[in-house]
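Data first, discussion second: the structure below is written as structure tokens.
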Amino acid sequence: MKSNKLFIVGAGEFAEIAYEYFTHDSDYEVIGFCVNRSFITDKTKCGLPIVAYEEVETLFPKESFHAFTGIPASDLNRTRTSFYRDLKSKGYSFATYISSRAFVWRNAEIGENTFIFEHNTIQPFVVVGNNCILWSGNHVGHRTVIHDNCFITSHAVISGYCNIGAGSFIGVNATLNDNIVIGENCLIGSGSLIVKNTEPEKIYAGNPARAVPGKSSFSAGI
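In this text, residue positions in the sequence shown follow the working numbering: the first is 245, and each later residue adds one.
So, in structure tokens, the structure goes:
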């Protein structure tokens, strides 16, 4: 019997995926899901109740439950970050998931409310902040820092001594050379090669990558 009780914010695809991993590869027992009342379309998910987020403190009190925000990169991580900060202000503790099939070196630092999928390689002295998602198969080189609220998709290569600004999104198969600084809230397109530092709030794409028109915000379902 698992002693750590957990609820997941969200009821979409990532919330269901998080449920699978927490249930079958962690010490947490998922008790239910919650979303804003206006977004409730079903009463249950995975056989568990979906409740109104507005009632979370009553139904899932902080003294008895851990929280996890099972929301992907919606609005460049802003939706997930908003829920995380709200729950933090309410005094909740958060679950972090690290796959049993990920390689995380002994002195890497991993923050709260962070989700690390299988086949990630996280080398010595790496720091991964709070409220981050690292999907499967990424390489994070030694002494790299990934700041809070970031989303790293799959098979990105982040070389050593990089610094990933808070709120950034790194697309599939992107590559960052050593010592790269990614500005806050940047969107790095799939397959991009980053050979120079990037400016905050911009979109970069190409090989080598260049800034493209538009600001770095987008929507993705929860």
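Yeah, the Cβ is synthetic: ideal placement off N, Cα and C, and Gly gets one too. Model, not experiment: these values are computed from the prediction.
Assigned exposure category for residue i - 16 Cβ within 10 Å defines buried
i    : result
V456 : exposed
T288 : exposed
H310 : buried
D422 : exposed
F251 : buried
N382 : buried
F327 : buried
F347 : exposed
S282 : exposed
Beta-ladder partner(s) of residue i, from DSSP
i    : result
S337 : H310
L431 : F413 and I447
P368 : According to DSSP, P368 bridges with nothing at all.
I438 : L420
I294 : F277
Beta-carbon separation (whole angstroms), residue i vs residue j, contact threshold 8 Å
i    : j    : result
S380 : F359 : Not quite, the Cβ-Cβ distance comes to about 11 Å (not below 8 Å), so this is no contact.
E443 : K459 : With a Cβ gap of about 11 Å, E443 and K459 do not count as contacting.
V371 : I390 : 7 Å
I294 : G314 : I294 to G314, Cβ: 12 Å. No contact.
Which of helix, strand or coil DSSP assigns to residue i
i    : result
I342 : strand
E273 : strand
F266 : helix
R387 : coil
R454 : strand
A285 : A small fix is needed here, since residue 285 is Thr in this sequence, not Ala. Three-state result, T285: coil.
The ligand GDP heavy atom lying under 7 Å from the CB of residue i
i    : result
G381 : Absence of the ligand GDP from the depicted structure is noted, as is the absence of any ligand whatsoever, leaving it without description.
Quiz prompt | Sufficient close CB pairs (3 or more, under 8 Å) joining the segment 291–302 to the segment 314–324 | solution = No: the two stretches stay apart, fewer than three of their Cβ pairs being nearer than 8 Å.
Practice problem: Determine contact between the segment 332–346 and the segment 390–404, defined as no fewer than three beta-carbon pairs at a distance below 8 Å. | Solution: no
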